[in-house]
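J.: Position in the sequence shown (first residue = 1) + 9 = my numbering.
Quick one: this structure, given as structure tokens, is what I'll be asking you about.
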Amino acid sequence: MMLKKYMRTLLIAIPVALILSQLIPALLYSDLTTSLKIQYHSFQTRNLERIQISDEYAQGNTVINTNNYGHGVKGEDHYYFVENHLNLVQTTKDFQNKQYLIEQSGGTGINRLNKVDDWIFFSQGKSYNRIKTDGSQQETIFRMGYPLDVHLLGNWIYFRNFSDRSMIYRMDVNGQNLERLVNQSVTDLTLYEDRLYYSYQEDEAGWLKSVDLEGKDLRVEMNREVKDLTVWEGYYFMDYEDDRLYRKNIYDDESPQLLVDEKVSTYALTENGIYYALHSHDVGYPGDGLYKMALDGSDKILLMDTKRVEGLCLLDHWLLFMSSDESMLPNQKKLDLRRDEILEMAQ
10 MMLKKYMRTL LIAIPVALIL SQLIPALLYS DLTTSLKIQY HSFQTRNLER
60 IQISDEYAQG NTVINTNNYG HGVKGEDHYY FVENHLNLVQ TTKDFQNKQY
110 LIEQSGGTGI NRLNKVDDWI FFSQGKSYNR IKTDGSQQET IFRMGYPLDV
160 HLLGNWIYFR NFSDRSMIYR MDVNGQNLER LVNQSVTDLT LYEDRLYYSY
210 QEDEAGWLKS VDLEGKDLRV EMNREVKDLT VWEGYYFMDY EDDRLYRKNI
260 YDDESPQLLV DEKVSTYALT ENGIYYALHS HDVGYPGDGL YKMALDGSDK
310 ILLMDTKRVE GLCLLDHWLL FMSSDESMLP NQKKLDLRRD EILEMAQ
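Below, the structure is given as structure tokens:
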């Protein structure tokens, strides 16, 4: 009798479990659930001070820095950058008069910086925050989970929402008016002038598309998935295939030009050329060596034989980066682009 009862329970439980396994993911990503999450987010940020950015076309950071996780940003008189992944630092443009806006001995790291007016915006784990440039009034404006590729333009912040399958969202600088802008899971998001460029793969086909800042006027830019896209002087620079670096003329249909026939972990475009690092075999620290080449891929040279290169950040004629020499822990360095001289950062 007990066995029959157990079997009946099992026969009911298995189909119910199968139904739930299909239903729960659908519910998690349904329009209703998304709408409820957005409403709750708006409720959480309802009491924040309403700020208004003076220049509606002010860009919070460069695409070059954003592609490298936004470890630094420049202001009118100061640089703001991340130190040791944990601290938010302000210095004058000669790297003097160092002040800590955020100083912590451990915990969640800081990245994805943007700056407009007297506000610094930054990511810290699952949240996106803002703090005044004097270190006061730190506030959370988004806490739904890991904003990616965060671009700020005027009073709007555009990003991939990791908690909603990396779809493109936007919200204002007060955390209000949050909305899903592009109903597509994307792998890369770039802001160029007044358009959002995004890439994704679907049904074994890859795409690079763009929309205006309202999510409208859809255009197909390329029938290929790309990553780390930078639009620069009439070219797309991008990871086009197998982590290798390519460039393609925007205005013709010619195949992309291979610039580096090795896996590139990070790169930064400058007027002086492209600075980049190669993939390393060290788990968790992909950058290996700091290299330089011309914008057309010629004249490749190794500037520094170093390990664990990461956090490239272009601030005027300075390129900041983290790297490790020998078996030491990574430390911060600065490269003077005027003469390709590498200096240690004062701690």
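Think of the CB as a built atom: it goes at the ideal place given N, C-alpha and C, for glycine as much as any other residue.
Pick out whichever of Gly163, Gln146 and Glu242 has its Cα sitting closest to the Cα of Ala67.
T.: Comparing Cα positions, the closest option is Gly163.
J.: Since Leu198 and Leu187 are thought to touch, with beta carbons under 8 Å apart, how far apart are those beta carbons, to the nearest angstrom?
T.: Leu198 to Leu187, Cβ: 16 Å. No contact.
J.: What ranges does the beta strand (DSSP E) occupy inside the region 213–265, keeping only unbroken runs of at least 3 residues that lie completely in it?
T.: Here the runs fully enclosed are 214–221, 228–231, 236–241, 244–250 and 253–258.
J.: Using CA coordinates, which residue listed in Asp226, Leu222, Asp221 and Asn232 is at the minimum distance from Ser208?
T.: Closest by alpha carbon: Asn232.
J.: Using alpha carbons as the reference points, say which of Phe330, Lys316, Glu335 and Met337 lies closest to Lys343.
T.: Out of Phe330, Lys316, Glu335 and Met337, Phe330 has the C-alpha closest to the C-alpha of Lys343.
J.: State the DSSP-derived secondary structure class of Asp305, mapped to helix, strand or coil.
T.: Coil, per DSSP.
J.: Tell me, please, whether the region 87–98 touches the region 46–57 by the rule of three or more beta-carbon pairs shorter than 8 Å.
T.: Cβ pair count under 8 Å is below three, so no.
J.: Taking only three categories from DSSP, how would you classify Thr75?
T.: If DSSP states are grouped into helix, strand and coil, Thr75 belongs with the helices.
J.: Kindly indicate the opening and closing residues of the alpha helix (DSSP H) around Ser51.
T.: It spans Asp40 to Gln53 - the alpha helix (DSSP H) in which Ser51 sits, taken as one unbroken run.
J.: Is the region 117–130 in contact with the region 81–89, if contact means three or more CB pairs nearer than 8 Å?
T.: Because the criterion of three Cβ pairs below 8 Å is met, the region 117–130 and the region 81–89 touch.
J.: Thinking just about the alpha-carbon of each residue, which of Leu328, Ser145 and Val182 is nearest to the one in Tyr137?
T.: When each option's Cα is compared against that of Tyr137, the closest is Val182.
J.: From the DSSP output, which residues share a beta bridge with Gly163?
T.: Bridge partners of Gly163: none, in fact.
J.: Starting from Ser4, trace the beta strand (DSSP E) in both directions and tell me its first and last residue.
T.: Residue 4 cannot be examined here, being either before or after the span of the chain that is shown, 10 to 356.
J.: Suppose the cutoff is 6 Å on Cβ atoms and the five residues either side in sequence are ignored; what does the same chain contact list for Glu271 look like?
T.: Only Leu287 meet the Cβ criterion.
J.: Could you spell out where the beta strand (DSSP E) holding Met313 opens and where it closes?
T.: From DSSP, the beta strand (DSSP E) with Met313 extends over Ile310 to Leu324.
J.: Measure from the alpha carbon of Asp308 to the alpha carbon of each residue in Val269, Leu328, Asn340 and Asp221, then state which is nearest.
T.: The option with the nearest alpha carbon to Asp308 is Val269.
J.: Just grab the DSSP bridge partners of Phe90 for me.
T.: Paired residue(s): Gly81 and Val98.
J.: Give me the Cα-Cα distance between Leu32 and Gly306, rounded to the nearest whole angstrom.
T.: Note that Leu32 has pLDDT 49, beneath the 50 cutoff, so the model's placement of it is unreliable and the number below is only indicative. Distance between the alpha carbons of Leu32 and Gly306: 50 Å.
J.: Using the three-state DSSP reduction, which class does Phe171 fall into: helix, strand or coil?
T.: If DSSP states are grouped into helix, strand and coil, Phe171 belongs with the helices.
J.: Since Leu267 and Lys83 should fall inside the 8 Å C-beta cutoff, what is the C-beta to C-beta distance between them, to a whole number of angstroms?
T.: That pair is no contact at about 32 Å.
J.: Quick check on the burial criterion: 16 or more other C-beta atoms within 10 angstroms. Buried or exposed for Gly320?
T.: It counts as buried.
J.: Just to confirm my understanding: we take Ser333, look at its own chain, exclude 5 residues before and 5 after, and list those with CB closer than 6 Å. What are they?
T.: Answer for Ser333: Lys316, Arg317 and Pro339, listed in chain order.
J.: Going by C-alpha to C-alpha distance, which of Trp165, Asp173 and Thr100 sits closest to Gln156?
T.: Per the sequence shown, the amino acid found at residue 156 is Pro instead of Gln. The shortest C-alpha separation from Pro156 is found at Asp173.
J.: Suppose you measure from the CA of Ser63 to the CA of Ile129; what does that come to, to the nearest Å?
T.: Looking at the two C-alpha atoms, the distance is approximately 15 Å.
J.: Name the DSSP bridge partner or partners of Lys124?
T.: According to DSSP, which records beta bridges pairwise, Lys124 is partnered with Ile129.
J.: Tell me Arg376's beta-bridge partners as DSSP assigns them.
T.: In the structure as shown, the chain starts at 10 and stops at 356, and residue 376 therefore has no counterpart that could be examined.
J.: Measuring only the C-alpha atoms, how far is Tyr167 from Ala355?
T.: Rounded to the nearest angstrom, the two C-alpha atoms are 34 Å apart.
J.: Check the DSSP bridge columns for Asp297 and list the partner residues they point to.
T.: DSSP, once it has assigned bridges, lists Leu287 and Lys316 as partnering Asp297.
J.: What are the boundary residues of the beta strand (DSSP E) that includes Phe104?
T.: Unbroken run through Phe104: none, as it is neither H nor E.
J.: Can you tell me whether DSSP reads Thr117 as helix, strand or coil?
T.: Here Thr117 sits in coil by DSSP.
J.: Measure the Cβ-Cβ separation of Thr75 and Val159 and say whether it is below 8 Å.
T.: Yes; because the gap between Cβ atoms is below 8 Å, this pair is in contact.
J.: Measure the CB-CB distance between Leu312 and Leu299 and report whether it falls below 8 Å.
T.: Result yes, Cβ atoms of Leu312 and Leu299 sit closer than 8 Å.
J.: Please classify Ala277 as buried or exposed, where buried requires at least 16 neighbouring CB atoms within 10 angstroms.
T.: It counts as buried.
J.: Using CA atoms only, rank isn't needed, just tell me which of Arg139, Ser274 and Asn170 is closest to Leu190.
T.: The option with the nearest alpha carbon to Leu190 is Asn170.
J.: Any idea which residues DSSP pairs Tyr276 with across the strands?
T.: DSSP lists Tyr285 as partners of Tyr276.
J.: Can you give the Cα-Cα distance for Asp221 and Pro265, rounded to whole angstroms?
T.: If you take the alpha carbons of Asp221 and Pro265, they lie about 25 Å apart.
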